[in-house]
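Undergrad:
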Amino acid sequence: MREKGYGDYFKHLDIIRAQNLTNLPHAYAIVIRSDFKDRRGKDRSVVGCGFSARSYDDALWDALRDAQSYFWGWKPDRDGYKVIRKLRY
0 MREKGYGDYF KHLDIIRAQN LTNLPHAYAI VIRSDFKDRR GKDRSVVGCG FSARSYDDAL
60 WDALRDAQSY FWGWKPDRDG YKVIRKLRY
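Heads up, the sequence shown is in numbering that gives the first Met the number 0, so the first residue is 0 and it goes up one at a time.
#1: Whose C-beta lies closer than 7 Å to the C-beta of Ser51 among residues of the same chain, with five residues either side of it excluded?
#2: I want to check one thing, is the minimum distance from the CB of Tyr55 to the heavy atoms of the ligand ADP below 7 Å?
#3: Taking the alpha-carbon of Gly49 as reference, which of Ser68, Gly79, Gly40, Asp42 has the nearest alpha-carbon?
#4: Given a threshold of 16 other Cβ atoms within 10 Å of its Cβ, counted over all protein chains shown, does Asp65 qualify as buried or as exposed?
#5: Going by DSSP, what residues sit across from Gly72 in a beta bridge?
#6: Can you have a look at Gly72 and say buried or exposed, based on whether 16 or more other CB atoms are within 10 angstroms of its CB?
#7: Could you compute how far the alpha carbon of Val30 sits from the alpha carbon of Leu20?
#8: Which residues mark the beginning and the end of the beta strand (DSSP E) in which Ser54 is found?
Right, dumping it as structure tokens:
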């Protein structure tokens with residue numbers, strides 16, 4: 000992505016970010032997405048990715064925490080979300 004110009008945005012802000020990582024060899028994984036309006040009424044979206052060795056429910060909680068760490072103002076109970084991918088590997 001850096002070679003395509005996505006790194007060092009405006010020479011001071013690096014916009015390349017790992018969404019969520021795991022070292023689990025086998026896991027439940029969920030990706031969520033929310034499209035919402037921020038406090039100023041601007042359209043926003045956030046994606047969260049979660050992993051768990053135990054269950055899809057735990058992976059969902061991890062995905063929700065991941066989305067909130069990326070966009071602090073997002074609240075799943077207020078803004079809602081959709082599960083866009085659910086898998087086990």
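Glycine is no exception: its CB is placed at the ideal position from the N, C-alpha and C atoms.
TA: According to the data block:
#1: In the sequence shown, counting from the first residue as 1, residue 51 sits at position 52. Result list for Ser51: Ala26, Tyr27, Asp57, Ala58, Asp61, in chain order.
#2: The ligand content of the structure shown is nil, which means the ligand ADP is not present either.
#3: Taking the first residue of the sequence shown as position 1, residue 49 is located at position 50. Measuring from the Cα of Gly49, the nearest candidate turns out to be Ser68.
#4: Numbered from 1 along the sequence shown, position 66 holds the residue referred to as residue 65. Counting Cβ neighbours within 10 Å, Asp65 comes out buried, since at least 16 surround it.
#5: Taking the sequence shown and counting its residues from 1, one reaches residue 72 at position 73. Bridge partners of Gly72: none, in fact.
#6: Along the sequence shown, read from residue 1 onward, the residue named residue 72 stands at position 73. Answer is exposed; the Cβ neighbour count stays below 16.
#7: In the sequence shown, the residue the question calls residue 30 occupies position 31. In the sequence shown, the residue the question calls residue 20 occupies position 21. Spanning the two alpha carbons is a distance of roughly 12 Å.
#8: Taking the first residue of the sequence shown as 1, we reach residue 54 at position 55. Element bounds for Ser54: n/a, residue is neither H nor E.
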